[in-house]
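Report on the structure given below.
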Amino acid sequence: MAESSPPPAANKRTCKNTVPFNRWVADFKREAIAEGIRPQTIEETIGGMTPDMSVIARDRRQSFFSQTFTQFYFKLATNSREKVGKSYLHRYKDLFARAEKDFGVPGPVITGFWALESDFGGGMGKLPVMRSLLTLAWDCRRGDMFRGELKAAMKIVERGDLRPDQMIGSWAGELGQTQFLPQHYYNYGVDYDGDGRVDLIHDIPDIIASTAKFISSMGWRRGEPWLEQVRITKNLPWEKADLAIQLPRSQWVAWGVEGVGKALPSDNLPASLLLPMGRKGPAFLAYPNFHVYTQWNQSLTYATTAAYLAARMAGAPNISRSSGDVPSLDYQQTKELQALLKQQGFDVGEIDGKLGAGTRKAVKEMQMKLGLPADSYPTTELLTALRERS
Numbered sequence: 001m002a003e004s005s006p007p008p009a010a011n012k013r014t015c016k017n018t019v020p021f022n023r024w025v026a027d028f029k030r031e032a033i034a035e036g037i038r039p040q041t042i043e044e045t046i047g048g049m050t051p052d053m054s055v056i057a058r059d060r061r062q063s064f065f066s067q068t069f070t071q072f073y074f075k076l077a078t079n080s081r082e083k084v085g086k087s088y089l090h091r092y093k094d095l096f097a098r099a100e101k102d103f104g105v106p107g108p109v110i111t112g113f114w115a116l117e118s119d120f121g122g123g124m125g126k127l128p129v130m131r132s133l134l135t136l137a138w139d140c141r142r143g144d145m146f147r148g149e150l151k152a153a154m155k156i157v158e159r160g161d162l163r164p165d166q167m168i169g170s171w172a173g174e175l176g177q178t179q180f181l182p183q184h185y186y187n188y189g190v191d192y193d194g195d196g197r198v199d200l201i202h203d204i205p206d207i208i209a210s211t212a213k214f215i216s217s218m219g220w221r222r223g224e225p226w227l228e229q230v231r232i233t234k235n236l237p238w239e240k241a242d243l244a245i246q247l248p249r250s251q252w253v254a255w256g257v258e259g260v261g262k263a264l265p266s267d268n269l270p271a272s273l274l275l276p277m278g279r280k281g282p283a284f285l286a287y288p289n290f291h292v293y294t295q296w297n298q299s300l301t302y303a304t305t306a307a308y309l310a311a312r313m314a315g316a317p318n319i320s321r322s323s324g325d326v327p328s329l330d331y332q333q334t335k336e337l338q339a340l341l342k343q344q345g346f347d348v349g350e351i352d353g354k355l356g357a358g359t360r361k362a363v364k365e366m367q368m369k370l371g372l373p374a375d376s377y378p379t380t381e382l383l384t385a386l387r388e389r390s
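According to my numbering, the sequence shown holds residues 1 to 390 in order.
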């Protein structure tokens, strides 16, 4: 799901809808008209529509399955997707070259997202987007965010890009082969084939250019790398392995970080050491462009997977499956760890069994406090130490 900036804070999953739907719709229609959307567009898109309660159920559902980075990566960054991505890069090489000239974004970066978001158009979703957006806009959990998305979808119809019946997509309202939320579709969509409309569902030129423009808008740095697999050859100051810490690439080289398959330049390009599964798992240097990936999707696992799949499409080797043989906490252990860290005064966010940014930060700080290698990855050793302190 494309997100250029963090969405508004969501209410709790247990929130209750207190405004009757019909009254809410009447208020929304007045609000949309006041913002310049034509009454006939409103009726064409949501007239007589009722909420889809299954969409609310999906939005409220708590995931109980926690995957490590390598589990997620090998499930989604498949050899088949790499092969298709490379074939697209060859088939549409002139389009990709034009888009890179116009927006500065290399083709493999686009195809990496394209693969994960919809399997190159094979899985764009099957639900009426207008109904999903209307439902989520009415719902109490993320209503503020989706009111804006619903209005943007109406503007897409007014602009003539898509008819309402063509707007078939995911339950959360994303559209097209790289799964744009309607505001991104409206603001960053490019009519690259000159047919007078932006079609991110069918038109390959529009899909490539619009994705490039959106990535560029998030601060992509032309001509620079994004993620590179590296090898760690000796102990490092593990507390420096943090996306918030950027050091010259020469410093990582001085500390014994090596390239995989090629020498690592000892230069001043800023880089962070990314250890998604701690010091015993796969290691990467993440460059400033990697932050675009974490803006697109705030999940570090997704961002790293998309970025390294793109690197493979650009010619990098795959990571070794053996690098995923790292002892990891399961879902219940991670929830227990979060609860224990919260008892120690750390802000881990929701106790959900997921290793998010808040939990990783708390793990690192607790590791430093206990004198453990501070690589931000939870271990049974850390869990045992926290149990003893509770």
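All C-beta atoms, glycine included, are put in the ideal place defined by N, C-alpha and C.
Could you pull out every residue in the same chain whose Cβ sits closer than 7 Å to the Cβ of Trp-220, ignoring the five residues on either side in sequence? Within the same chain, Trp-220 has close Cβ partners Gly-104, Val-105, Asn-289 and Val-292.
Which runs of the alpha helix (DSSP H) at least 4 residues long sit entirely within the stretch 179-264? Give them in chain order. Whole alpha helix (DSSP H) segments, 4+ residues: 182-188, 204-217 and 249-254.
With a threshold of 16 other CB atoms inside 10 Å of the CB of Gly-256, please say whether the residue is buried or exposed. Label assigned to Gly-256: exposed.
Thr-41 versus Arg-147: straight-line alpha-carbon distance, rounded: Those two C-alpha atoms are separated by around 15 Å.
For Lys-155, does the count of other Cβ atoms within 10 angstroms reach 16, so buried, or fall short, so exposed? Under this definition Lys-155 is a buried residue.
Using the Cβ count rule (16 or more neighbours within 10 Å means buried), how would you classify Ile-245? Looking at its Cβ environment, which holds fewer than 16 other Cβ atoms inside 10 Å, Ile-245 is exposed.
Given 8 Å, three or more beta-carbon pairs between the stretch 207-216 and the stretch 228-243: Verdict: no, contact absent.
Leu-309 beta carbon less than 8 Å from that of Ala-115: For Ala-115 and Leu-309, yes; Cβs fall inside 8 Å.
So Asp-206 and Leu-200 are in contact, right, with Cβ under 8 Å, and what is the actual spacing, rounded? Between Asp-206 and Leu-200 a beta carbon distance of about 6 Å is seen, short of the 8 Å cut, so the two are scored as contacting.
Please classify Asp-27 as buried or exposed, where buried requires at least 16 neighbouring CB atoms within 10 angstroms. By the neighbour-count rule (16 or more Cβ atoms within 10 Å), Asp-27 is not buried but exposed.
Taking Cβ to Cβ, would you say Gly-261 is nearer than 8 Å to Val-230? Result no, Cβ atoms of Gly-261 and Val-230 do not sit closer than 8 Å.
Just reading off the alpha helix (DSSP H) that Ala-357 is part of, what are its end residues? Ala-357 -> alpha helix (DSSP H) spans 357-370.
Where Asp-203 and Lys-101 are concerned, what is the direct C-alpha to C-alpha distance, given to the nearest angstrom? Whole-angstrom Cα-Cα distance: 20 Å.
Any idea which residues DSSP pairs Leu-285 with across the strands? Under the DSSP definition of a beta bridge, Leu-285 partners with Glu-228 and Leu-273.
Contact between the stretch 379-386 and the stretch 327-340 is defined here as three or more beta-carbon pairs at a separation below 8 Å; is this criterion met? They touch, by the three-pair rule.
Is the stretch 115-132 touching the stretch 36-56 in the sense that three or more CB pairs, one from each, lie closer than 8 Å? Yes, they touch.
Let's test the definition: count the other Cβ atoms within 10 Å of the Cβ of Leu-337 and tell me whether it reaches 16, buried, or not, exposed. That one is buried.
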